[in-house]
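Novice:
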Amino acid sequence: MLTKAQIKKIKVGTAKNDGQLPLIFEALGDGGRFRMFRLLTAHHDLCVTDIAEVFGITISAASQQLKILERVGLIQKIRMGQMVCYEIKEDPGLRRIVQLLQYEK
Numbered sequence: 004m005l006t007k008a009q010i011k012k013i014k015v016g017t018a019k020n021d022g023q024l025p026l027i028f029e030a031l032g033d034g035g036r037f038r039m040f041r042l043l044t045a046h047h048d049l050c051v052t053d054i055a056e057v058f059g060i061t062i063s064a065a066s067q068q069l070k071i072l073e074r075v076g077l078i079q080k081i082r083m084g085q086m087v088c089y090e091i092k093e094d095p096g097l098r099r100i101v102q103l104l105q106y107e108k
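Heads up: the sequence shown begins at 4 in the numbering used here, then just goes up one per residue.
1) Grab me the residues of methionine 39's own chain with a C-beta within less than 8 Å of its C-beta, minus the 5 sequence neighbours each way, in chain order.
2) Starting from the N-terminal side, write out each stretch of the alpha helix (DSSP H) that is 4 residues or longer and does not extend beyond the segment 27–97.
3) Could you tell me which of Glu29, Gln105, Ile81, Lys11 sits nearest to valine 75, measuring between CA atoms?
4) Going by the beta-carbon positions, is the gap between isoleucine 100 and tyrosine 89 smaller than 7 Å?
5) Give me the residue from Gln9, Thr52, Thr61 with the minimum Cα distance to valine 87.
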């Protein structure tokens, strides 16, 4: 059984900010966004129109989902003239997630 001091220490540890990780898992918890992220891990960069066509959804719907992935820091926007494309953000922590997805294939 834990002592009061141990319980207090655990409470303080669990109260700390978990950073972006819960938001990332929440974003990837949606099947559509997960598949979009996985598609972007397999291809260097894709435009919104291409992603919409691959998934058979409207450009607006694809754009909304991609913005969520961008907001949590998983992908970044690339403007190519009037086209908007996305790619996986370069980040050591994200590299691990990408490796996990590639391993799962």
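Just so you know, even glycine gets a beta-carbon here, dropped at the ideal spot from N, CA and C.
Quick caveat: nothing in here was measured; it's all calculated off a predicted structure.
Specialist: With the given structure in hand:
1) In the sequence shown, counting from the first residue as 1, residue 39 sits at position 36. Taken in chain order, the residues that qualify are Ile54, Phe58, Ala65, Gln68, Leu69, Leu72.
2) You should have 34–45, 51–58, 62–74.
3) Mapped onto the sequence shown, residue 75 falls at position 72. If you compare the alpha carbons of Glu29, Gln105, Ile81, Lys11 with that of valine 75, the shortest gap goes to Glu29.
4) Translated into the one-based positions of the sequence shown, residue 100 becomes position 97. Translated into the one-based positions of the sequence shown, residue 89 becomes position 86. It is not a contact, given that the beta carbons lie outside the stated cut-off.
5) Walking along the sequence shown from the start, residue 87 turns up at place 84. Ranking the options by Cα distance to valine 87, first place goes to Thr52.
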